[in-house]
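Chemist:
Protein chains: 4
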Amino acid sequence: MVVVIQCKDQIGLVATISGVMAQQNINIISMREHVDTACNSFFTRLELEPPAAIAAAINSTAGNPGSGTQASGDDAATASILAYAQTLHSQLEKVLPAGAFIHVTTQPEKKLVVLVTKEYHCLGDILLRNHFKTLGATVEAVIGNHAILGDICKRFDVPFHLVSHEKKEKEVFEAELQSVIGQHTFDYLVLAKFMRILSPEFVASHPMRIINIHHSFLPAFIGASPYRQAYERGVKLIGATAHFVTNDLDEGPIITQQIIPVNHTFSATDMVKAGKEIETSVLAKALQLVIDDRVFVYQNRTVVFDH
Amino acid sequence: MVVVIQCKDQIGLVATISGVMAQQNINIISMREHVDTACNSFFTRLELEPPAAIAAAINSTAGNPGSGTQASGDDAATASILAYAQTLHSQLEKVLPAGAFIHVTTQPEKKLVVLVTKEYHCLGDILLRNHFKTLGATVEAVIGNHAILGDICKRFDVPFHLVSHEKKEKEVFEAELQSVIGQHTFDYLVLAKFMRILSPEFVASHPMRIINIHHSFLPAFIGASPYRQAYERGVKLIGATAHFVTNDLDEGPIITQQIIPVNHTFSATDMVKAGKEIETSVLAKALQLVIDDRVFVYQNRTVVFDH
Amino acid sequence: MVVVIQCKDQIGLVATISGVMAQQNINIISMREHVDTACNSFFTRLELEPPAAIAAAINSTAGNPGSGTQASGDDAATASILAYAQTLHSQLEKVLPAGAFIHVTTQPEKKLVVLVTKEYHCLGDILLRNHFKTLGATVEAVIGNHAILGDICKRFDVPFHLVSHEKKEKEVFEAELQSVIGQHTFDYLVLAKFMRILSPEFVASHPMRIINIHHSFLPAFIGASPYRQAYERGVKLIGATAHFVTNDLDEGPIITQQIIPVNHTFSATDMVKAGKEIETSVLAKALQLVIDDRVFVYQNRTVVFDH
Amino acid sequence: MVVVIQCKDQIGLVATISGVMAQQNINIISMREHVDTACNSFFTRLELEPPAAIAAAINSTAGNPGSGTQASGDDAATASILAYAQTLHSQLEKVLPAGAFIHVTTQPEKKLVVLVTKEYHCLGDILLRNHFKTLGATVEAVIGNHAILGDICKRFDVPFHLVSHEKKEKEVFEAELQSVIGQHTFDYLVLAKFMRILSPEFVASHPMRIINIHHSFLPAFIGASPYRQAYERGVKLIGATAHFVTNDLDEGPIITQQIIPVNHTFSATDMVKAGKEIETSVLAKALQLVIDDRVFVYQNRTVVFDH
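Protein chains in written order, with UniProt numbering: chain R, 1 to 307; chain P, 1 to 307; chain F, 1 to 307; chain E, 1 to 307.
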């Protein structure tokens with residue numbers, strides 16, 4: 001069981017929060033706390049050992065990752081878990097500053113909608129994990145502005161919607177996107193190499209819920225053709241960056257970044273190819289962090305309580 | 001066009017080899033040469049710019065990686081490429097020491113048979129690349145000693161053979177394996193988390209053609225449960241190793257290795273999960289190196305002319 | 001101000017500890033907590049914002065790292081800091097389980113004695129940082145079993161003691177070592193490429209206070225000539241490991257590890273040379289972690305609350 | 001013995017070069033060749049096994065790295081080596097295209113002048129290696145625009161010149177620099193955290209002989225306070241870049257780059273501190289590459305034939 005809290009900082013917050021846990025006879029197995037003193041912001045993430053009855057209920061509802069088997073839990077177990085989480089949430093709400101963000105998670109239950117264009121590598125990786133239940137989330141649907149990736153979605157029994165951008169005003173295209181997105185419930189929109197720039201209006205309608213993979217080590221090589229730019233500059237490392245999308249292109253809060261070495265034997269095309277490996281890896285890592293409730297966003301930056 | 005040569009070392013080999021290229025009006029775009037003076041062994045790999053006619057033929061027969069489209073070349077182009085490669089091979093054979101290994105490649109054409117047990121991560125990655133034609137090789141078939149991964153193969157239209165080891169002598173099991181393998185032509189057998197130990201007889205029948213992924217940073221944690229061993233030892237990095245299989249378990253020539261950091265927050269189970277990411281990545285890298293003719297084996301070690 | 005606590009786990013510990021801080025009007029800027037449920041052990045590290053008066057006193061006594069200037073604080077400031085730390089310590093002691101390890105640090109004040117043989121790279125790095133006051137600790141003395149590194153110590157005005165092992169029983173050699181060590185107060189003995197194996201008796205007299213740099217990625221290549229072993233095995237990564245010394249050679253709790261890639265162009269000698277770079281880097285990192293009170297030891301393993 | 005050649009590409013160059021070696025009975029132990037087809041440039045680096053007599057002479061003149069002992073060779077040996085190298089050079093010159101750059105190295109003999117400001121970390125590392133003869137080059141002098149690093153130079157018996165920039169026109173300051181530099185012979189000027197921007201005129205007077213360490217992962221965070229910029233942007237990796245200096249600030253050909261992970265617990269000051277570790281490491285690596293004749297420069301980029 002994981003609890004995450006983000007609020008205005010004040011002396012005594014850790015005592016207040018851990019006091020609630022102690023009162024409930026909950027052991028804190030792992031805790032991370034961070035204060036940004038410059039802006040007086042408090043962040044914490046606790047991994048908790050719930051009471052035996054709740055732990056048993058959680059186990060009974062968990063699927064078998066990697067094997068594709070379904071969860072065997074029943075509705076009663078689920079209900080008791082939810083009730084327990086809700087109680088804890090209420091108790092924390094009572095003692096924390098007004099406006100505190102509190103989230104109590106008993107098991108992964110997040111839902112994703114994935115947007116793609118033509119490149120398969122990030123989507124394929126996500127679909128594989130989704131299929132074998134190791135993603136920790138469910139891919140509700142995939143939306144492509146080209147048709148080509150429909151086939152792989154079909155092979156994995158995941159709904160694919162084609163929403164073409166061609167011969168359309170951006171407004172019309174995005175209205176169609178929103179309409180399709182609106183058919184699904186989701187926690188995050190994942191831009192898995194979606195090569196259209198979204199309007200501020202679109203972004204504003206899903207604040208801090210759109211995750212993008214940018215194919216460079218931001219802030220280097222913002223914008224189009226970063227590998228071509230990297231090749232021209234003669235860099236010795238290329239990177240990829242997963243970030244939340246904001247109105248400023250490629251300027252949103254960074255979740256995670258990785259690099260790989262390159263050298264003079266890499267053409268721009270070789271860099272594109274090598275880059276796909278880390279794009280896949282960085283997006284997978286970012287999704288894992290977000291799905292595990294390890295990422296907090298504030299003031300265009302993130303707090304990431306990684307392992 | 002790539003040429004690789006491995007032979008006994010002697011003064012003048014580079015001059016001899018490059019002389020053949022100069023005579024044929026072939027430009028050497030990239031060359032790597034290495035001599036192991038301790039055992040008098042010579043290794044080289046050349047990337048060549050073939051004459052315009054051959055270059056055109058190669059282009060016409062190449063598929064479109066990533067898009068799943070088929071190659072559009074015709075049989076005449078293929079024939080002319082093969083004839084050219086054969087001529088080059090003969091000319092090199094004439095001037096190189098007896099017993100030299102010479103390989104002239106005009107385009108990726110390698111074939112793989114993949115052996116698996118229950119874990120999907122390495123196989124899934126290979127099937128994705130195979131499906132989208134970015135593997136640089138073709139997966140001819142998958143053989144599992146459990147049935148569970150048959151489904152994913154079917155989704156990708158790749159033949160799957162179930163060869164169960166249960167209630168069988170190893171001899172019988174391996175005879176059945178060999179029989180199924182014998183139905184396919186292949187360059188490499190890839191053990192993609194195949195959890196049975198193969199007998200010396202089996203290994204000897206496919207010398208330096210069996211590639212394994214071992215889930216540790218060899219030579220640390222040889223044998224079973226390396227992540228459990230790593231956890232017990234309290235290491236701060238865990239690794240994975242791709243290697244050719246020889247008679248000595250986990251002792252064959254190493255192709256490539258990678259590591260990731262771990263810490264006290266990782267249980268043995270967490271290490272298993274984190275390790276799958278590099279197992280997938282290391283095996284993919286090793287296959288790419290082998291498929292691109294970048295790996296030479298000798299005396300239980302490898303020369304790898306990577307990018 | 002940093003507080004670290006290690007004790008038997010029980011429900012409510014975080015509430016107890018943070019309660020003391022709240023009561024004292026101390027803000028917790030950063031907190032890490034970890035429970036090893038398998039052995040019921042609790043670990044925590046808190047970075048605290050002390051009251052303004054104490055913060056001012058701490059600032060007034062801090063030197064200017066990197067510039068070699070001396071601290072300008074006076075004795076009164078130092079006394080008030082110590083008194084404050086002692087009070088906090090007492091308050092924590094009252095409420096924590098019996099036998100709890102509690103350490104309150106107001107500023108780096110650790111002392112080191114460094115043991116060396118002939119190789120300069122680790123020692124040189126430590127002496128540089130010590131000289132420019134960026135080590136966060138003070139090198140009280142260097143002891144060498146060869147004379148050669150005396151010169152570099154002299155250049156940095158650090159006492160050097162020659163304690164030769166030649167033509168001596170190990171007991172005699174170690175008695176002489178202990179005698180010289182006894183002339184200095186220190187928190188840690190640092191084996192900076194000290195190439196003698198210490199007896200269990202010696203080790204037992206400084207429990208968990210001896211830090212070694214081993215020139216391999218433990219547990220691979222235990223013992224002598226690890227680079228030669230690595231070369232023979234044909235590995236593609238070599239490593240270095242900083243660990244506490246216990247009676248079992250190269251088997252003590254690991255603090256940190258790093259690796260670098262190698263390939264067929266590296267002779268065993270080249271590996272030795274490349275390895276020195278990470279030996280230096282790993283030992284520096286381990287010392288920084290230990291000096292910053294980020295490392296806990298238990299059951300032959302470590303909890304490391306790194307940045 | 002190492003030979004490096006850079007010239008206009010044409011078919012047959014490898015044959016021509018290796019033909020000279022074969023004729024001289026020289027074995028090529030390791031060879032790297034690269035052609036940039038876009039600009040028709042040819043680069044190669046050969047490690048050669050010289051005839052026994054020359055090999056013996058080379059050995060007799062080599063010092064003992066790491067121990068500070070002096071080379072024991074005599075003038076006759078040195079003369080015979082130089083004569084041999086000159087002969088090889090002439091033979092290559094005869095057969096290579098006009099204007100080819102040809103360099104024959106028999107042993108490390110490069111000389112450096114190091115420019116610094118106030119930070120010690122890069123200079124200290126270079127002085128240590130220089131002192132223990134593991135740099136592969138000689139530090140002829142250090143020039144500082146502040147006095148503070150004079151002391152460490154004195155401790156290592158390396159000449160230090162103070163050339164203050166204060167209350168001077170840039171022209172005057174640089175004229176003084178040039179005057180001091182002119183007192184020394186050198187192959188490279190190393191800017192080891194030299195915090196003044198050099199004029200185009202100064203740079204032009206030492207073309208491709210000035211090496212700088214920039215404290216960011218170029219091209220991200222060009223200019224001043226890159227760590228502050230990195231902190232503001234919330235990046236998850238910070239880097240350092242060693243490059244040749246050209247007229248465009250921070251835009252010269254990149255030699256090598258490294259990164260380290262950072263996170264929300266790093267203040268801008270922590271990033272500065274962490275960054276010093278890779279600045280030191282990257283500059284050391286770049287110097288090693290340049291000293292070992294592994295770096296070629298052309299068109300604002302480099303070819304680096306690393307291990």
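Virtual Cβ for every residue (Gly too), placed ideally from N, Cα, C.
How many whole angstroms separate the CB atoms of arginine 196/F and asparagine 145/F, which I take to be in contact at a CB cut-off of 8 Å?
Modeler: 6 Å
Chemist: In chain F, which residues lie with their C-beta within 7 Å of the C-beta of phenylalanine 132/E?
Modeler: Tyr120
Chemist: Strictly under 9 Å for the Cβ-Cβ distance: is valine 142/P near chain F by that measure?
Modeler: no
Chemist: On the three-state DSSP scale, how would you describe residue 309/F?
Modeler: Missing from the structure shown is residue 309/F; chain F here goes from 1 to 307 and no further.
Chemist: I want to verify the contact list: residues of chain F whose CB lies under 9 Å from the CB of arginine 32/R, in sequence order.
Modeler: Ser30, Met31, Arg32, Glu33
Chemist: Measuring only between beta-carbons, confirm whether glycine 19/P sits less than 9 Å from chain E.
Modeler: Chain E contact via Cβ: present.
Chemist: Closest to glutamate 109/P by CA distance: which of Asn247/P, Ala240/P, Phe266/P, Val2/P is it?
Modeler: Val2/P
Chemist: Going by alpha carbons, who is nearest to alanine 204/F out of Leu135/F, Ala274/F, Thr246/F, Val114/F?
Modeler: Thr246/F
Chemist: Going by Cα to Cα distance, which pick from Ile278/E, Pro200/E, Leu135/E, Phe101/E is closest to serine 41/E?
Modeler: Measuring from the Cα of serine 41/E, the nearest candidate turns out to be Phe101/E.
Chemist: Under 8 Å Cβ to Cβ from serine 80/E, same chain only, skipping five residues before and after it: list those, please.
Modeler: Ala53, Ile54, Ala57
Chemist: Pick helix, strand or coil for tyrosine 298/P, following the three-state DSSP scheme.
Modeler: strand
Chemist: Is the shortest distance between the beta-carbon of asparagine 263/R and the beta-carbons of chain P less than 9 Å?
Modeler: Yes, contact with chain P.
Chemist: Helix or strand or just coil, what does DSSP make of alanine 137/R?
Modeler: strand
Chemist: If we define contact as Cβ-Cβ less than 9 Å, is residue 380/E a contact residue for chain P?
Modeler: Outside the displayed range of chain E (1 to 307) lies residue 380/E, so it cannot be described from this structure.
Chemist: Under 8 Å by Cβ, that's how I've got isoleucine 143/P and histidine 161/P pegged, so tell me the actual separation to the nearest angstrom.
Modeler: 5 Å
Chemist: From the DSSP output, in three-state form, read off cysteine 7/F for me.
Modeler: Correct three-state label for cysteine 7/F: strand.
Chemist: Leucine 128/R and threonine 106/R - do their beta-carbons sit closer together than 9 Å?
Modeler: no
Chemist: Which residues in the same chain have their Cβ closer than 7 Å to the Cβ of aspartate 9/F, if we skip the five residues on either side of it in sequence?
Modeler: Val35, Asn40, Ser41, Phe42
Chemist: At least one CB of chain P closer than 9 Å to the CB of threonine 256/E: is that the case?
Modeler: no
Chemist: Please check the pair valine 163/E and valine 180/E, which I expect to be a contact at CB under 8 Å, by giving their CB distance rounded to whole angstroms.
Modeler: Contact flag correct, Cβ pair sits at about 6 Å.
Chemist: To which residues does DSSP link aspartate 36/F through a beta bridge?
Modeler: Ser41/F
Chemist: Is the beta carbon of histidine 121/P less than 9 Å from the beta carbon of threonine 241/P?
Modeler: no
Chemist: Please name the residue in Gly150/E, Phe132/E, Val139/E, Thr138/E whose C-alpha comes closest to that of lysine 118/E.
Modeler: Gly150/E
Chemist: How is glycine 252/R classed by DSSP in three states: helix, strand or coil?
Modeler: coil
Chemist: Would the region 219 to 235 of chain R count as touching the region 262 to 280 of chain R if we require 3 or more Cβ pairs under 8 Å?
Modeler: yes
Chemist: DSSP state of glutamine 70/E, grouped into three classes?
Modeler: Residue confidence is low: glutamine 70/E scores 49 on pLDDT, short of 50, so the model does not pin down where it sits. Its coordinate-derived value is still stated next. Coil at glutamine 70/E, not helix or strand.
Chemist: By the 10 Å Cβ neighbour count, where 16 or more other Cβ atoms means buried, how is alanine 224/R classified, buried or exposed?
Modeler: exposed
Chemist: Output, in chain order, the set of chain E residues within a Cβ distance shorter than 8 Å of glycine 275/R.
Modeler: Going along chain E, no residue has its Cβ under 8 Å from glycine 275/R, so there is no contact; the nearest lies around 15 Å.
Chemist: Using CA atoms only, rank isn't needed, just tell me which of Phe132/R, Ala15/R, Asn130/R is closest to leucine 96/R.
Modeler: Ala15/R
Chemist: Could you tell me the alpha carbon to alpha carbon distance between proline 219/R and alanine 220/E, rounded to whole angstroms?
Modeler: 6 Å
Chemist: How big is the Cα-Cα spacing for glutamine 299/R and glutamate 251/R?
Modeler: Cα to Cα, the separation comes out at about 12 Å.
Chemist: How many Å lie between isoleucine 152/P and valine 303/F at the Cα?
Modeler: 40 Å
Chemist: Could you check what DSSP says for leucine 237/R in three-state terms: helix, strand or coil?
Modeler: strand
Chemist: Starting from asparagine 59/P, follow the alpha helix (DSSP H) in both directions and report where the run begins and ends.
Modeler: 52 to 61
Chemist: Taking all protein chains shown into account, do 16 or more other C-beta atoms lie within 10 angstroms of the C-beta of phenylalanine 174/R, making it buried, or fewer, making it exposed?
Modeler: Checking the displayed sequence, the identity of residue 174/R turns out to be glutamate instead of phenylalanine. Under this definition glutamate 174/R is a buried residue.
Chemist: Please check if any C-beta of chain R sits within less than 9 Å of the C-beta of isoleucine 11/F.
Modeler: yes
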